[in-house]
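S.K.:
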Amino acid sequence: MKILQVAWHVDNKKLGALAFSYTGGSIVINNLIESLGKREDVYLFLGIVEMPSVSLDDFVVVQTDNVPEKLVEQYRQDAQDYKELRLKCRTYSFEKALQEIQPDIVNFHDIGQMAQRCIEICKQYDMPFVVTNHLFIGKNPGFTGYEDSQKIEERFFNNTPVELITVSIGQKNKIIKNYPHYPEHMIQPIPNGTDYVDKKKYFSIREKHNINECKKILLSSGSVIERKNHAQIVSSLNLLPEEIKNNIVIVICGKGKELENLRNLIADNGMSLHVILTGVVEPEDMPSYYAEANGYVMPSKAEGLSISALEAMTFGLPIILFYDSECIEELRDDNIVSIADERTDLSFADAIEAWFKKAWDKKYIQLFSKRFTMERMTDGYLAHYRRLLESSDAGKSH
């Protein structure tokens, strides 16, 4: 099978700084593409940067620096800004890629402007395609910073429905709740997977961050932004009984727009001894954090299926999360998660307390985590591609 993958950026340092982006979405997209490339003929079209065609170990990066100079000048005259110029150039390169590669199917990992224009090109060429939605914001998310994403979602979901992959069942349900006209049969949940390998080379995070051996460590990893809702960890921790609060340390790994606000919130609430902000942690250092932690806390207001949570489970860490998290159906097991029944500080504090008091079976959680391997995710994508191609062939025969 010849597969063309389309993404804005991926987590692949071989492609250089411009194409590299260390986020959960970009990690899982890159890992999926590499995994698919080991089994099928895979090409990657990147939107973020102009570049020549590059052959990597498992896939080929499509050329995007092939727009003729005369056409660039014409686009420049037509375009009102640089973004529009870039969109015109990318859609030109995408159409060229379709003509030259002639893939069996195209998989978009974005619903942004570039993806939506390239989708229209696929329709013109009668090319089978599917769109993976890695993060859904919705109409009333309860947080700010994603207003542009909401406009993009409205345009996409109010357009003619297309075949869609979501990364969890909850994400599919959330889309249908926000856009009830969207055909449910055209949305296929395929849970994220991870190929995370424990290299068993650790340093002591207790020594690094001066954490007492008697205290339990709750870990959180990811961008420090409003959507990730780290502030509620602090406010909930403050509601715990003193004997529990004094025996817990929250370690938050990451940076983002809300880092300074979070630091001030911690100081204002006198929580500096209970919450540690590490800043960015390099990927090769994360095993040390997972290995010594006792649990993983995920209070996000929108989160498809967190890659860092899946990584945490491979180390046997239980997850603390809210009842309405998109990934709750995939993780619902009392031996895996501690669930806050309401979106309140008190309810989340109760979930933390329940985690603290429970004896968790590390091996059980590690075994459970095998449901979310990259191999299973790849199997799911390939099976879905085949179903879509069979359906497309059947439609053409009629």
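Taking our numbering, the leading residue of the sequence shown gets 11, the next gets one more, and so forth.
Idealized CB from N, CA, C, for every residue including glycine.
#1: Might you give, ordered along the chain, the residues of its own chain that have their beta carbon closer than 6 angstroms to the beta carbon of residue 248, omitting 5 neighbours on each side?
#2: Taking the beta carbon of residue 190 as the centre, do at least 16 other beta carbons fall within 10 Å, making it buried, or is it exposed?
#3: Taking the alpha-carbon positions, what's the residue 408 to residue 175 distance?
#4: From the DSSP secondary-structure annotation, give me the bridge partner or partners of residue 65.
#5: Assuming the contact rule is C-beta atoms closer than 8 angstroms, residue 40 and residue 20 should be a hit. Round their C-beta distance to whole Å, please.
#6: Do residue 356 and residue 340 have their C-beta atoms within less than 8 angstroms of each other?
#7: Which of the three DSSP states is assigned to residue 316 in this structure?
#8: What does a CB cutoff of less than 8 angstroms around residue 184 pick up in its chain, not counting 5 residues either side in sequence?
#9: Mapping the DSSP letters down to three states, classify residue 432 as helix, strand or coil.
#10: Just to confirm my understanding: we take residue 64, look at its own chain, exclude 5 residues before and 5 after, and list those with CB closer than 6 angstroms. What are they?
#11: Out of 124, 95, 136, state which residue places its alpha-carbon closest to the alpha-carbon of residue 402.
#12: Among 228, 198, 80, 144, which has the Cα closest to the Cα of residue 363?
#13: Just list the beta strand (DSSP E) runs in the segment 107-155, keeping only unbroken ones of 3 residues or longer that don't cross its boundaries, in chain order.
#14: With DSSP run on the structure shown, which of helix, strand or coil describes residue 90?
#15: Look at residue 330 and residue 378 and say whether their C-beta atoms are less than 8 angstroms apart.
#16: Between the C-alpha atoms of residue 225 and residue 299, what's the straight-line distance to the nearest angstrom?
#17: Applying the 10 Å Cβ sphere with the 16-neighbour rule, what's the burial state of residue 237?
#18: Tell me which same chain residues have a C-beta within less than 8 angstroms of the C-beta of residue 214, skipping the five on either side of it?
#19: Starting from residue 199, follow its DSSP beta bridges and name the residues at the other end.
#20: Could you pull the start and end residues of the alpha helix (DSSP H) that residue 308 belongs to?
#21: In chain order, what residues of the same chain lie with their CB nearer than 7 angstroms to the CB of residue 243, ignoring the 5 residues before and after it?
#22: State yes or no: is the C-beta of residue 155 within less than 8 angstroms of the C-beta of residue 262?
#23: Please state whether the Cβ-Cβ distance between residue 82 and residue 55 is less than 8 angstroms.
#24: So, under 8 angstroms CB-CB, residue 61 and residue 51 are touching, yes? Tell me the CB distance rounded to an integer number of Å.
#25: Are the beta-carbon atoms belonging to residue 319 and residue 333 less than 8 angstroms from one another?
#26: Since residue 258 contacts residue 366 with CB under 8 angstroms, what's their CB separation in whole angstroms?
#27: Measuring alpha carbon to alpha carbon, tell me which residue in 255, 47, 164, 220 is nearest residue 288.
#28: From the DSSP output, in three-state form, read off residue 53 for me.
#29: Is the Cβ-Cβ distance between residue 103 and residue 77 less than 8 angstroms?
#30: Classify residue 383 as helix, strand or coil using the three-state DSSP reduction.
#31: Is it the case that the Cβ atoms of residue 392 and residue 138 are separated by a distance below 8 angstroms?
#32: What are the boundary residues of the alpha helix (DSSP H) that residue 47 is part of?
#33: Below 7 angstroms CB to CB, which residues in the same chain sit around residue 105 once its five sequence neighbours on both sides are set aside?
#34: Since residue 35 and residue 100 are thought to touch, with beta carbons under 8 angstroms apart, how far apart are those beta carbons, to the nearest angstrom?
#35: Enumerate, from N- to C-terminal direction, the unbroken beta strand (DSSP E) stretches of 3 or more residues contained entirely within the segment 219-293.
M.R.: The relevant details are as follows:
#1: Counted from its first residue, the sequence shown places residue 248 at position 238. Counting only Cβ-Cβ distances below 6 angstroms, and skipping sequence neighbours, we find 279.
#2: Position 180 of the sequence shown, counting from 1, holds the residue named residue 190. The residue in question, residue 190, is exposed, as its Cβ has fewer than 16 Cβ neighbours within 10 Å.
#3: Taking the sequence shown and counting its residues from 1, the one referred to as residue 408 is at position 398. Taking the sequence shown and counting its residues from 1, the one referred to as residue 175 is at position 165. Since pLDDT at residue 408 reaches only 46, below the 50 mark, its modelled position is unreliable, and the value read off the structure follows with that caveat. Residue 408 and residue 175: Cα-Cα distance of roughly 26 angstroms.
#4: Within the sequence shown, numbered from 1, the residue matching residue 65 stands at position 55. For residue 65, DSSP records a beta bridge to 70.
#5: Here the question's residue 40 lines up with position 30 in the sequence shown. Here the question's residue 20 lines up with position 10 in the sequence shown. That belief holds up - the Cβ atoms of residue 40 and residue 20 are roughly 4 angstroms apart, short of 8 angstroms.
#6: For the purposes of this step, residue 356 is taken as the residue at position 346 of the sequence shown. For the purposes of this step, residue 340 is taken as the residue at position 330 of the sequence shown. Taking 8 angstroms as the Cβ cut-off, residue 356 and residue 340 do not qualify as a contacting pair.
#7: Here residue 316 refers to the residue found at position 306 of the sequence shown. Coil.
#8: Against the sequence shown, residue 184 aligns to sequence position 174. 146, 148, 336.
#9: Outside the shown range of the chain, which is 11 to 408, sits residue 432, and nothing can be said about it.
#10: By one-based count along the sequence shown, residue 64 stands at place 54. The residues are 71.
#11: Here the question's residue 402 lines up with position 392 in the sequence shown. Of the listed residues, the one whose Cα sits closest to residue 402 is 136.
#12: Stepping through the sequence shown from its first residue, residue 363 is reached at position 353. Considering only alpha carbons, the answer is 228.
#13: For secondary structure counted as the beta strand (DSSP E) over 3 or more consecutive residues, the segment 107-155 holds these complete runs in sequence order: 115-118, 139-143.
#14: As a position in the sequence shown, residue 90 is number 80, starting the count at 1. Coil, per DSSP.
#15: In the sequence shown, residue 330 corresponds to position 320, counting from 1. In the sequence shown, residue 378 corresponds to position 368, counting from 1. Taking 8 angstroms as the Cβ cut-off, residue 330 and residue 378 do not qualify as a contacting pair.
#16: In the sequence shown, the residue the question calls residue 225 occupies position 215. In the sequence shown, the residue the question calls residue 299 occupies position 289. Their Cα atoms are separated by approximately 14 angstroms.
#17: By 1-based counting over the sequence shown, the position of residue 237 is 227. Residue 237 should be labelled buried.
#18: Taking the first residue of the sequence shown as position 1, residue 214 is located at position 204. Taking C-beta separations shorter than 8 angstroms and ignoring five residues to either side along the sequence, the partners of residue 214 in its chain run 298, 302, following chain order.
#19: Your numbering for residue 199 matches position 189 in the sequence shown. Beta-bridge pairing links residue 199 to 176.
#20: Translated into the one-based positions of the sequence shown, residue 308 becomes position 298. No alpha helix (DSSP H) holds residue 308; the beta strand (DSSP E) holding it covers 305-308.
#21: Counting from 1 along the sequence shown, the entry for residue 243 is found at position 233. Counting only Cβ-Cβ distances below 7 angstroms, and skipping sequence neighbours, we find 230, 260, 307, 309.
#22: In the sequence shown, counting from the first residue as 1, residue 155 sits at position 145. In the sequence shown, counting from the first residue as 1, residue 262 sits at position 252. Not in contact: residue 155 and residue 262 (Cβ atoms no closer than 8 angstroms).
#23: Position 72 of the sequence shown, counted from the first residue, corresponds to residue 82. Position 45 of the sequence shown, counted from the first residue, corresponds to residue 55. No; because the gap between Cβ atoms is not below 8 angstroms, this pair is not in contact.
#24: Here residue 61 corresponds to residue number 51 of the sequence shown, with the count starting at 1. Here residue 51 corresponds to residue number 41 of the sequence shown, with the count starting at 1. Not really, about 20 angstroms apart at Cβ, beyond 8 angstroms.
#25: Taking the first residue of the sequence shown as position 1, residue 319 is located at position 309. Taking the first residue of the sequence shown as position 1, residue 333 is located at position 323. Their beta carbons are not under 8 angstroms apart, which means residue 319 does not touch residue 333 by this criterion.
#26: Start at 1 with the first residue of the sequence shown, and residue 258 comes out as number 248. Start at 1 with the first residue of the sequence shown, and residue 366 comes out as number 356. The Cβ separation is near 7 angstroms, so the contact holds.
#27: The residue you call residue 288 lines up with position 278 of the sequence shown. Among 255, 47, 164, 220, the Cα nearest to that of residue 288 is on 220.
#28: The count along the sequence shown starts at 1 and reaches residue 53 at position 43. It is a strand residue.
#29: As a working note, residue 103 is residue 93 in the sequence shown. As a working note, residue 77 is residue 67 in the sequence shown. If you check the CB distance, residue 103 and residue 77 come in under 8 angstroms.
#30: As a first step, residue 383 is located in the sequence shown; it is residue number 373 there, counting from the start. Note: residue 383 maps to strand in three-state DSSP.
#31: Taking the sequence shown and counting its residues from 1, one reaches residue 392 at position 382. Taking the sequence shown and counting its residues from 1, one reaches residue 138 at position 128. No, they are not a contact pair.
#32: The count along the sequence shown starts at 1 and reaches residue 47 at position 37. 34-47 is the extent of the alpha helix (DSSP H) around residue 47.
#33: Here residue 105 refers to the residue found at position 95 when the sequence shown is read from its first residue. So the qualifying residues of the chain are 131.
#34: Within the sequence shown, the letter at position 25 stands for residue 35. Within the sequence shown, the letter at position 90 stands for residue 100. Between residue 35 and residue 100, the beta carbon gap of about 19 angstroms keeps them out of contact (Cβ cut-off 8 angstroms).
#35: Runs of beta strand (DSSP E) with 3 or more residues, each lying fully within the segment 219-293, are found at 226-231, 258-263, 285-289, listed in chain order.
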